[in-house]
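The structure appears below as structure tokens.
In UniProt numbering, the protein residues as written are 1 to 182.
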């Protein structure tokens, strides 16, 4: 019995780099989060901006007052932004079975964040707030396995976004170098 070799070129599918078990865990816990996405998202942003004062400048519509000891936020704007981010997170989770689509989506999100002034090092600062929100919402279901899966997913998201941010910056810097100075 022989082996048939084809000359057809096949473009290999991109691997997400997320372990299949982690994908299963993220997808199975997502419905519990999605049904409370506003609560989850608002918790994340309140926690994040309380902890990371220097990041408040990135949210001028959300942060109304930024004093030394306390700050005040526009609750409607926090809810709006939180829901926008949670919808994006839901889309990313829906794309976990299609790594190419997920990668393209996250690159677009990365470029959008670059335009908003986000630098690659800033992305990781959000994780403690997400971790806290997951713990709050999932309660006893947020065990080591679940935490590891969500951390893996978050690391993948930020990894793709970081590359997109750095490439967008390099492109802008390259354009500046091409521009004749007067």
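Glycine included, every Cβ here is placed at the ideal spot set by N, Cα and C.
message: Looking only at its chain, what residues have a beta carbon closer than 7 Å to the beta carbon of residue 27, apart from the 5 residues adjacent to it on each side?
response: 93 and 96
task: Enumerate, from N- to C-terminal direction, the unbroken alpha helix (DSSP H) stretches of 4 or more residues contained entirely within the region 110–180.
output: 120–123, 127–138 and 144–178
field: Where residue 69 falls: helix, strand or coil (DSSP)
entry: coil
- request: Closer than 7 Å by C-beta to residue 207: which residues in its own chain qualify, once you throw out the five before and the five after it? Chain order, please.
  value: Residue numbering for the chain in the displayed model covers 1 to 182; residue 207 lies beyond these limits and cannot be assessed.
message: Could you give the first and the last residue of the continuous alpha helix (DSSP H) run that contains residue 18?
response: No alpha helix (DSSP H) holds residue 18; DSSP gives it neither H nor E.
Cβ contact check for the region 63–79 and the region 95–109: 3 or more pairs under 8 Å: no
message: Please report the straight-line C-alpha distance between residue 29 and residue 156, rounded to a whole angstrom.
response: Taking the straight line from one Cα to the other gives about 18 Å.
task: Compare the C-beta of residue 124 against all C-beta atoms of chain D and say whether one is closer than 8 Å.
output: Of the protein chains in the structure, only one exists, and it is not chain D.
query: Given residue 130, which residues of its chain have a CB within under 7 Å of its CB, disregarding the five upstream and five downstream residues?
result: 44 and 154
message: Could you pull the DSSP bridge partners for residue 63 from this structure?
response: 73
query: In the structure shown, what three-state DSSP assignment does residue 98 receive?
result: Correct three-state label for residue 98: coil.
field: Assigned secondary structure, residue 36 (DSSP; H/G/I helix, E/B strand, else coil)
entry: Residue 36: coil per DSSP, three-state reduction.
Cβ neighbours of residue 47 in the same chain (closer than 8 Å, five flanking residues each side left out): 128, 129, 132 and 133
- prompt: Which one of 102, 136, 152 and 101 has the shortest CA to CA distance from residue 124?
  reply: 152
- prompt: What whole-angstrom Cβ distance do residue 33 and residue 137 have, given they're in contact under 8 Å?
  reply: So it is a contact: roughly 6 Å between Cβ atoms.
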